[in-house]
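Residue numbers (this note's numbering): 107 to 418.
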């Protein structure tokens with residue numbers, strides 16, 4: 107199961123149809139909550155999500171629409187007696203805000219939180235791959251996140267059969283890299299890892315492109331439309347067109363636009379502007395929407411080329 111569950115899509119001011127931010131990335135054994143804004147706990151209930159599967163919480167910055175849901179989520183982790191540690195990442199410069207939110211009210215505190223603030227050069231290995239963070243350009247310390255699955259190799263059944271390799275021998279070949287004269291490369295093809303990036307509240311900067319480079323799924327703020335580009339620049343935000351241009355230049359597969367200003371009433375306008383820059387798949391996020399991570403890219407050409415080696 108690899109999908110993004112959208113809990114909220116508003117920016118500073120929620121609307122009748124858009125809650126404050128909140129995004130859950132379900133990636134095999136890793137379940138990551140990004141930017142829990144106000145109302146996140148209730149939105150999780152509407153989305154059919156419990157807190158128990160959460161393994162990690164990532165906060166980009168400590169503006170309220172990205173973090174005021176933290177107290178409720180943490181207290182629910184305690185109330186439900188989540189049996190495993192939940193890692194929590196946030197900008198190191200915002201430690202004082204995290205401490206205030208962590209103990210915002212009186213509650214029976216049983217939450218096992220592995221608090222790991224992020225700064226320049228942050229990287230941690232997770233069960234889903236390598237999680238990194240880079241500083242963005244906003245009015246307070248803000249970081250974007252990137253999750254990168256390691257590259258591996260895909261076994262090709264026809265070639266395994268050709269070499270009469272079956273059962274436990276396949277696992278041994280994977281582990282050791284060779285089995286007698288047969289090398290792993292002889293019966294497999296490259297399997298690129300999948301990649302995800304989460305970019306909120308920022309003006310254009312090098313880190314935006316670096317985080318987005320080659321990802322399968324990019325979740326990125328598009329607070330404004332082009333008519334308000336000057337305002338976007340002043341307050342450290344992106345337009346839908348800029349988000350589309352980032353996706354095009356970074357080679358993104360699926361673009362998810364979110365964090366919309368309440369001044370706009372037509373969501374289709376965001377898609378229209380982004381599509382002027384990016385001709386890939388564009389999702390204009392709605393509350394409680396589920397967005398699958400695009401299927402892993404595979405190439406039958408790899409299989410054919412490998413099979414021809416044995417025939418020759």
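Even glycine gets a Cβ: it sits at the ideal position worked out from N, Cα and C.
Computed from a predicted model, the values in this text were never measured in an experiment.
Going by beta carbon distance, what residues of the same chain come within less than 8 Å of residue 135, once the five residues before and after it are set aside?
161, 233, 234
Chain D beta carbons: is any one of them nearer than 9 Å to that of residue 306?
Absent from the structure: chain D. Only one protein chain is present.
Measuring straight from C-alpha to C-alpha, what distance separates residue 210 and residue 177?
6 Å
State the DSSP-derived secondary structure class of residue 306, mapped to helix, strand or coil.
coil
When you compare only the Cα positions, how much space is there between residue 330 and residue 283?
51 Å
Identify whether residue 157 lies in helix, strand or coil by the three-state DSSP scheme.
coil
Give the range of the beta strand (DSSP E) segment to which residue 224 is assigned.
It is not in any beta strand (DSSP E) - residue 224 carries neither H nor E in the DSSP assignment.
Looking at residue 354 and residue 312, is the spacing between their C-beta atoms short of 9 Å?
no
With DSSP as the reference, identify every bridge partner of residue 297, one or two as the case may be.
258
With the cut-off set at 9 Å, would you say residue 309 and residue 342 are in Cβ contact?
yes
Using beta-carbon positions only, say whether residue 183 and residue 157 come within less than 9 Å of one another.
yes
Let's test the definition: count the other Cβ atoms within 10 Å of the Cβ of residue 107 and tell me whether it reaches 16, buried, or not, exposed.
exposed
Would you check if the stretch 161-176 and the stretch 234-246 touch, i.e. whether three or more CB-CB distances between them fall below 8 Å?
yes
With a Cβ-Cβ cutoff of 9 Å, do residue 226 and residue 236 count as a contact?
no
Kindly indicate the opening and closing residues of the beta strand (DSSP E) around residue 388.
387-390
In chain order, what residues of the same chain lie with their CB nearer than 6 Å to the CB of residue 251, ignoring the 5 residues before and after it?
164, 239, 304
Just to confirm the assignment, what range does the beta strand (DSSP E) spanning residue 381 have?
Element bounds for residue 381: not the beta strand (DSSP E) but the alpha helix (DSSP H), 374-381.
Taking the DSSP output, what are the residues bridged to residue 116?
366
In terms of residues, what are the limits of the alpha helix (DSSP H) holding residue 146?
146-152
Taking 9 Å as the cut-off, decide whether the C-beta atoms of residue 155 and residue 193 are in contact.
no
Tell me the start and end of each unbroken alpha helix (DSSP H) in the stretch 160-248 that is at least 4 residues and wholly inside, in chain order.
170-173, 176-185, 201-208
Pairwise C-alpha distance: residue 254 and residue 326
17 Å
Of the choices 132, 397, 403, 367, whose alpha-carbon is the least far from that of residue 307?
367
So for residue 352, helix, strand or coil by DSSP?
helix
Where residue 418 falls, given that 16 or more other Cβ within 10 Å makes a residue buried
Because the pLDDT of residue 418 is 42, which lies under 50, any placement of that residue in the model is unreliable, and the number read from its coordinates should be weighed accordingly. So residue 418 counts as exposed.
Could you have a look at residue 357 and say whether DSSP puts it in helix, strand or coil?
coil
Quick check: residue 265 and residue 275, are their CB atoms within less than 9 Å of each other?
no
Considering only heavy atoms of the ligand ADP, does any lie closer than 8 Å to the CB of residue 338?
For the ligand ADP, the structure offers nothing, since it holds no ligand at all.
If I measure Cβ to Cβ from residue 173 and keep anything under 6 Å in the same chain, skipping five residues before and after, which residues do I get?
165
Nearest-angstrom Cα separation, counted from residue 198 out to residue 208
15 Å
Tell me the rounded alpha-carbon separation between residue 415 and residue 361.
Caution applies to residue 415, whose pLDDT of 42 falls short of 50 and renders its modelled position unreliable; the value that the coordinates give is listed next. Each residue's Cα considered, the two are about 38 Å apart.
Taking only the alpha-carbon atoms, compute the straight-line gap between residue 127 and residue 372 and give it to the nearest angstrom.
19 Å
Relative to the C-alpha of residue 113, which residue among 121, 147, 289 is closest?
147
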